[in-house]
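In short: position in the sequence shown from 1, add 717, done, that's this note's numbering. Working notes, beginning with the structure itself.
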Amino acid sequence: MSRFDICKLLGIKYPIFQGAMAWIADASLAGAVSNAGGLGIIAAGNAPADVVREEIKKVKELTDKPFGVNIMLLSPFVDDIVKLVCDEGVKVVTTGAGNPSRHVEAFNNAGIVLIPVVPSVAAAKRMEKLGAKAVIAEGMESGGHIGKLTTMALVPQVVDAVNIPVLAAGGIADERGMAAAFMLGADGVQIGTRFLVAKECTVHRNYKERILKAKDIDTTITGQITGHPVRVIKNKLTRAFDAAEKEEMGKQTPDMERFDNLGRGALQKAVKEGDIEFGSVMSGQIAGLVNKEQSCREILDEIMTGFNKLVK
Ligand code: TUI
718 MSRFDICKLL
728 GIKYPIFQGA
738 MAWIADASLA
748 GAVSNAGGLG
758 IIAAGNAPAD
768 VVREEIKKVK
778 ELTDKPFGVN
788 IMLLSPFVDD
798 IVKLVCDEGV
808 KVVTTGAGNP
818 SRHVEAFNNA
828 GIVLIPVVPS
838 VAAAKRMEKL
848 GAKAVIAEGM
858 ESGGHIGKLT
868 TMALVPQVVD
878 AVNIPVLAAG
888 GIADERGMAA
898 AFMLGADGVQ
908 IGTRFLVAKE
918 CTVHRNYKER
928 ILKAKDIDTT
938 ITGQITGHPV
948 RVIKNKLTRA
958 FDAAEKEEMG
968 KQTPDMERFD
978 NLGRGALQKA
988 VKEGDIEFGS
998 VMSGQIAGLV
1008 NKEQSCREIL
1018 DEIMTGFNKL
1028 VK
């Protein structure tokens, strides 16, 4: 059914990547996912290289299976992180929130398999030309920083446009979502939101509880005015964003700094302090389907058992 064997390419058991959630996807989560047969991914996010180096060290102690590191291209530490993954012999790098072309030579020299997240067909084609080994086509159902297209519309168009493996992301949390993605031509999936509630996920208890009780309509998009739209759970922070957006839109010269100030530190506030009212609780639209806390092994085994039944 799928055109490429992503498992063979990466030496993993299941064609499932764990989404690289900034401030959340650490060695504990990535190691557990890799041990369970998926591709665990450490999110570098906005963290400095020293912090990421420690996580890489820890994940190597936790698992002898392949793992990846995600480089968030808006980070002020991008260059340091690129050097770090090359020095540490990381095998797989995913990128998000931008175009990784500036770093491709470094990745190639280090023998790193580059798998960028793309929000459009044009970006997917650019990445293929650059030498990316696969792409992750991420729809706007995803949590965090998002593009404009839905997974349903984006994935088949990317599949038709490139001759490298395509992983689907955005709105996938169970075997039905995974099977649907394969029907669209995907060769694998990336799952974020469901891993937020994994036993091995170290996110604050309040954050987990909020995802577990989330309904279908509980997410919204903030920051559209800034050019960096982010999907999060509705709360007091998103209402403040909405109010500020309405006010600033009416002005001749909107005060963009106001949005930076509102967003600054908000993700850490939710992830580390558990402030789910004034913090940024990033989550995909599929949170309403995520109702039980399980180990990463239970999550992956459940999805793969169901998937194999569905595609038979
Ligand atoms: O990156 C993500 N999701 C994220 S990053 C993040 S941390 C953050 N916090 C606040 C503001 C901004 C970031 C939280 N969630 N997903 C992958 C993703 N990549 N979504 C969209 C894109 C993307 C956008 C434009 C990828 C490439 C691109 O341009 C490529 C090109 O060729 O122009």
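Glycine included, each C-beta is placed from N, C-alpha and C at the ideal position.
Looking only at its chain, what residues have a beta carbon closer than 6 Å to the beta carbon of residue i, apart from the 5 residues adjacent to it on each side?
i: G1005; result: A931, K932, D933
Helix, strand or coil for residue i? Go by DSSP, reduced to three states.
i: H945; result: coil
i: Q1011; result: coil
i: L845; result: With the sequence shown as reference, residue 845 is identified as Glu, and Leu is not the correct amino acid for it. The answer is helix: DSSP assigns E845 an H, G or I state.
i: A840; result: helix
i: F734; result: strand
i: A739; result: coil
i: A1004; result: helix
i: P765; result: coil
i: E926; result: helix
i: I993; result: coil
i: L884; result: strand
With which residues is residue i paired in a DSSP beta bridge?
i: I759; result: V786
i: P971; result: Paired residues: none, contrary to the question.
i: M999; result: V949
i: F824; result: Bridge partners of F824: none, in fact.
i: P833; result: T812
i: T937; result: V949
Does any CB atom of chain B fall closer than 9 Å to the CB of residue i?
i: G905; result: Here there is only one protein chain, and chain B is not present.
Whole angstroms are fine: how far does the CA of residue j sit from the CA of residue i?
i: R893; j: C803; result: 37 Å
i: P732; j: C724; result: 6 Å
i: M895; j: G967; result: 43 Å
i: A849; j: I1016; result: 29 Å
i: A839; j: D743; result: 31 Å
i: V821; j: S751; result: 25 Å
i: V855; j: H921; result: According to the sequence displayed, residue 855 carries Glu and not Val. Approximately 25 Å between the Cα atoms of the pair.
i: G940; j: K1029; result: 43 Å
i: G748; j: T937; result: 31 Å
i: F995; j: K865; result: 26 Å
i: A761; j: Q735; result: 14 Å
Here's the rule: buried if 16 or more other CB atoms are within 10 angstroms of the residue's CB, otherwise exposed. What is residue i?
i: N1025; result: exposed
i: P833; result: buried
i: Q907; result: buried
i: G806; result: exposed
For residue i, which residues from the same chain have a beta carbon less than 8 Å from its beta carbon, with the 5 sequence-adjacent residues on both sides left out?
i: N1008; result: L929
i: G902; result: S719, R720, V872, P873, V876, D877, V883
Please work out which residues of its chain come closer than 7 Å, Cβ to Cβ, to residue i, disregarding the five sequence neighbours upstream and downstream, and give them in chain order.
i: M844; result: P833, V835, V852
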